[in-house]
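The sequence shown begins at 1199 in the working numbering and counts up by one. Glycine is no exception: its CB is placed at the ideal position from the N, C-alpha and C atoms. These numbers were taken from a predicted model, which means no experiment stands behind them.
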Amino acid sequence: LHVSEISSSWIRNIRDFVREGQKVVLKVLRVDTEKGHIDLSLRRVTKREKIEKIMVWKKDRKADALLRGVAEKAGMTFEEVYEKAGKLLEDQYGLYDGFEKTVKEGPEVLTKLGVPEELAKTFFEVAQERIHVSMVRVKGTAELRCGKPNGVNVIKEAFSSAQKGEKLGTAKLRFYVIAAPKYSIEVMAEDYKRAEEIFQKVAQNVVTTVTKAGGQGSFRRDK
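As structure tokens, then:
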């Protein structure tokens, strides 16, 4: 890194721009394989390029740590895990982005790529432990009535079967009684579109089940 490529302004103290041990983003100008020299530039790197490259570097470090966590939990070497799963994930999505997708959508992300089921589950478990996914909340109210002798059980079963029938992934679903006949349905998911989709399906399934059993039901989305 020649002093002329550090900054376009006057340099009084080189330590104002680069310091020993500091990690910086540089642009490669020339490579001399015979001499083993690489000419680099700091001043030709834009602010946006610096931010983007640092983000990529941080993601790579996180992905490396996650992969080592999988290897430890699976009782395999880092190289074995990378060859059997990491490389497939990296080629398809990028390694860290692939871990994030696994958290959101489950082990199926990996099994669809040909990763063994047990190893895919380990990836999912490690990703869940170490990657925080921000969640949004969607709430609604269902009004359910069933005058039959087993009416209470009909309503309970409606909620139970609706929850079992929906693939939630990282989303969370909660039901609770407000005051009969009103029941709250609450969905937590990574984005509003997904949360709304789950809410509509679950609420409709609950109402349909109660209606088919001879009861009445309706639901509305809370504002």
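Residue from the options with nearest C-alpha to residue i
i	options	result
residue 1354	1328, 1407 and 1421	1407
residue 1368	1378, 1333 and 1222	1333
residue 1269	1259, 1411, 1258 and 1282	1282
residue 1311	1386, 1411, 1284 and 1340	1284
residue 1401	1388, 1203, 1346 and 1340	1340
residue 1346	1403, 1233 and 1410	1410
residue 1301	1289, 1291 and 1329	1329
residue 1264	1294, 1335, 1286 and 1381	1294
residue 1417	1379, 1386 and 1390	1379
residue 1363	1218, 1250 and 1399	1399
Proximity below 7 Å, CB of residue i to CB of residue j
i	j	result
residue 1325	residue 1357	no
residue 1338	residue 1397	yes
residue 1372	residue 1384	yes
residue 1203	residue 1239	yes
residue 1388	residue 1331	yes
residue 1321	residue 1308	yes
residue 1386	residue 1419	no
residue 1243	residue 1225	yes
7 Å Cβ cutoff, residue i in contact with chain C
i	result
residue 1252	Although the question refers to chain C, the structure presented lacks it and comprises just one protein chain.
Per-residue burial, residue i [other beta carbons within 10 Å of its own, 16 or more giving buried]
i	result
residue 1227	exposed
residue 1280	buried
residue 1377	exposed
residue 1381	buried
residue 1273	exposed
residue 1413	buried
residue 1404	buried
residue 1313	buried
Bridge partner(s) assigned by DSSP for residue i
i	result
residue 1384	1337 and 1372
residue 1238	1226
Presumed contact (8 Å Cβ cut-off) between residue i and residue j, rounded CB distance
i	j	result
residue 1216	residue 1223	So it is not a contact: roughly 11 Å between Cβ atoms.
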